[in-house]
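K.L.:
Chains A and B supply the protein sequences, listed in that same order.
For the first sequence, this note's numbering begins at 16 and goes up steadily by one.
For the second sequence, this note's numbering begins at 177 and goes up steadily by one.
Right, I'll just put the structure down here and ask away after.
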Amino acid sequence: MNIFRLLGDLSHLLAIIILLLKIWKTRSCAGISGKSQILFAIVYTTRYLDLVNTYISAYNTFMKIIFLSASYTTVYLMYMKFKATYDHNHDTFRIEFLVLPTFVLALLINHEPSVVEVLWTFSIYLESLAILPQLFLVSKTGEAESITSHYLFALGSYRGLYLLNWVYRYYAEDHYDLIAIVAGLVQTVLYCDFFYLYITKVLKGKKLQLPA
Amino acid sequence: KRDTRSKDEL
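Here is the structure:
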């Protein structure tokens, strides 16, 4: 475990906590894409299947359980408990356009043609695009609350920090995983436009508002 | 086959 990896995981954890707290404290999920949250639930479920048969470390098991349970809780809060506040009119991204192609790609390009490996690969590909419904929602409404921006910043930073972790591991351990690296690059690039707006606007106390 | 070391990542 290197510093980039640890910071990446903490950033990921922070994002999930920010989102849950925002929904719980304001009793509202306005401005949050339920479609993206469903995709993340699919991502964690298909990636962490090894939880039942492979023990890696207490840290690994603990984090997987947190990510899975937080993700299902978020989906529950959005579609059940605070359903009335859910912005479904703006959250119109068709998730099958992301799920089906990434699944086909995982069948074609993977490390090993086994069920667990194909599902792991699918989760890596799907995660790289899972934020699109959320970014689409922000672009449709033209703005995002500060707390939603902090969530997106923490979530985007996580894979960016993993990229640094992979650069480090390549040199220090002679280890690399091309599938994770390419998908991680795609994932981070998708956030670039948002990072720019976050740094130039939200950090200066302004609301994230897209230019008309 | 995926390297076991990458299975440690989340």
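For glycine and all other residues, C-beta sits at the position ideal for the given N, C-alpha and C.
(1) Which value, in whole angstroms, describes the spacing of the CA atoms of Leu184/A and Phe77/A?
(2) Using C-beta distances below 8 Å, list every residue in its chain close to Ile146/A, excluding the 5 sequence neighbours before and after it, in chain order.
(3) Suppose you measure from the CA of Lys96/A to the CA of Glu188/A; what does that come to, to the nearest Å?
(4) Suppose only complete runs of 3+ residues qualify. What are the beta strand (DSSP E) ranges in the stretch 16-62 of chain A, listed by chain order?
(5) Taking only three categories from DSSP, how would you classify Ala145/A?
(6) For Asn104/A, count neighbouring Cβ atoms within 10 angstroms of its own Cβ and tell me buried if that reaches 16, exposed if not.
(7) With distance defined between alpha-carbon atoms, name the residue in Glu142/A, Leu150/A, Glu132/A and Met16/A nearest to Ser72/A.
(8) Using only the alpha-carbon positions, how far apart do Tyr186/A and Ile139/A sit?
(9) Using a beta-carbon distance below 9 Å, is Ser26/A in contact with chain B?
P.N.:
Based on what the coordinates show:
(1) Position check: residue 184/A holds Arg in this sequence, whereas Leu was assumed. Spanning the two alpha carbons is a distance of roughly 23 Å.
(2) Ser51, Leu167, Leu170, Gly171, Gln202, Leu205 and Tyr206
(3) 46 Å
(4) none
(5) coil
(6) exposed
(7) Met16/A
(8) 23 Å
(9) no
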